[in-house]
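Asker:
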Amino acid sequence: MIRIEGVTKIYNKGGAGEVKALDDVSFTVQDGELLAITGESGSGKSTLLNLIGALDTPTQGKVIVDDKDISHIKGEEAAAFRRHNLGFVFQGFYLEEDFSVLVNVEIPLMLQGIGKEERREGALKALEEMGLKEKAEVPVTQLSGGQKQRVCIARALVGGAGLILADEPTGNLDSQNGAAVMQIFRELTKKGVTVIVVTHNKEHAEVCDRIINLKDGRVTE
Numbered sequence: 035m036i037r038i039e040g041v042t043k044i045y046n047k048g049g050a051g052e053v054k055a056l057d058d059v060s061f062t063v064q065d066g067e068l069l070a071i072t073g074e075s076g077s078g079k080s081t082l083l084n085l086i087g088a089l090d091t092p093t094q095g096k097v098i099v100d101d102k103d104i105s106h107i108k109g110e111e112a113a114a115f116r117r118h119n120l121g122f123v124f125q126g127f128y129l130e131e132d133f134s135v136l137v138n139v140e141i142p143l144m145l146q147g148i149g150k151e152e153r154r155e156g157a158l159k160a161l162e163e164m165g166l167k168e169k170a171e172v173p174v175t176q177l178s179g180g181q182k183q184r185v186c187i188a189r190a191l192v193g194g195a196g197l198i199l200a201d202e203p204t205g206n207l208d209s210q211n212g213a214a215v216m217q218i219f220r221e222l223t224k225k226g227v228t229v230i231v232v233t234h235n236k237e238h239a240e241v242c243d244r245i246i247n248l249k250d251g252r253v254t255e
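First residue of the sequence shown: 35, per my numbering; consecutive thereafter.
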């Protein structure tokens, strides 16, 4: 379970350019829930995702993931938390184009210090779940946009993450591939994985169990 408790995030606090990105935000996310976070550009969506992903810290309030208060963890502690608990999926894919599909999926396992054979086995299993095992040795440059995003999901899952944070994961995809990605997320929640999706796409948001809308840094759910 994820608990967001009275979270406020202020950038350049006390300065001339002070910006309150989040303002007293509170909500919970259940295990195995598919949650959409919506709102206009600048509403605080990505800031919120960064806080849940231990990529930033709140000015006030708490972010609790599986009973661990991650509100102010930094450095190696934050990196270790991300490696062992989270998977990230982005609009821009962020794949290493000089390498094969398999190597891209292996990267999180490399960061965990897992040996070569175990990495390969884990990556192939994750690719098989995404229907891409036959593409394992193919350069990622030869994949379609939909295939690249499935590789990203495999990469997010390979380390055993129980929480997937997806920032506009369908933004670079056509409607068919976008719908397919949302269906993959739905299937993952049936296995107990929690998925939080930031999206501008109303249809994709409506696929989710619940929608939290942000406006000017506040929840208007």
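In this text, a Cβ means the ideal position worked out from N, Cα and C, and glycines have one as well. Note that the structure is a prediction, hence the values are computed from the model and not measured.
In terms of residues, what are the limits of the beta strand (DSSP E) holding F122?
Answerer: Translated into positions along the sequence shown, residue 122 becomes position 88. Counting along the chain, the beta strand (DSSP E) containing F122 begins and ends at L120 to F124.
Asker: Looking at the structure shown, is V99 part of a helix, part of a strand, or coil, going by DSSP?
Answerer: Counted from its first residue, the sequence shown places residue 99 at position 65. Reduced to three states, the DSSP call for V99 is strand.
Asker: By the 10 Å Cβ neighbour count, where 16 or more other Cβ atoms means buried, how is S77 classified, buried or exposed?
Answerer: Your numbering for residue 77 matches position 43 in the sequence shown. Label assigned to S77: buried.
Asker: Can A200 and V231 be called in contact, C-beta distance under 9 Å?
Answerer: Here residue 200 is taken as the residue at index 166 of the sequence shown, counted from 1. Here residue 231 is taken as the residue at index 197 of the sequence shown, counted from 1. Yes; because the gap between Cβ atoms is below 9 Å, this pair is in contact.
Asker: G156: buried (16+ other C-beta within 10 angstroms of its C-beta) or exposed?
Answerer: As a first step, residue 156 is located in the sequence shown; it is residue number 122 there, counting from the start. Buried, by the Cβ-count rule.
Asker: For the beta strand (DSSP E) containing E240, list its first residue and its last residue.
Answerer: Position 206 of the sequence shown holds residue 240. Note, E240: premise wrong, no beta strand (DSSP E); alpha helix (DSSP H) at K236 to V241.
Asker: Count the C-beta pairs between the region 196-215 and the region 125-132 that are closer than 8 Å, then say yes if the count reaches three, no if not.
Answerer: The region 196-215, when compared against the region 125-132, does touch it at the 8 Å Cβ threshold.
Asker: If I measure Cβ to Cβ from L166 and keep anything under 6 Å in the same chain, skipping five residues before and after, which residues do I get?
Answerer: Taking the sequence shown and counting its residues from 1, one reaches residue 166 at position 132. Correct list, in chain order: R184.
Asker: Would DSSP call N247 helix, strand or coil?
Answerer: Mapped onto the sequence shown, residue 247 falls at position 213. Of the three classes helix, strand and coil, the one that applies to N247 here is strand, per DSSP.
Asker: Pick out the complete beta strand (DSSP E) segments inside the region 166-220, 3 residues or longer, and give them in chain order.
Answerer: Counting whole runs of 3 or more residues, the region 166-220 contains the beta strand (DSSP E) stretches 197-201.
Asker: Looking at C-beta atoms only, is the number of pairs between the region 45-62 and the region 206-222 that lie closer than 8 Å three or more?
Answerer: Flag = no, the region 45-62 and the region 206-222 do not touch.
Asker: Of all the options I38, Q64, E67 and L69, which has the alpha carbon lying nearest to the alpha carbon of D57?
Answerer: Position 23 of the sequence shown holds residue 57. Among I38, Q64, E67 and L69, the Cα nearest to that of D57 belongs to I38.
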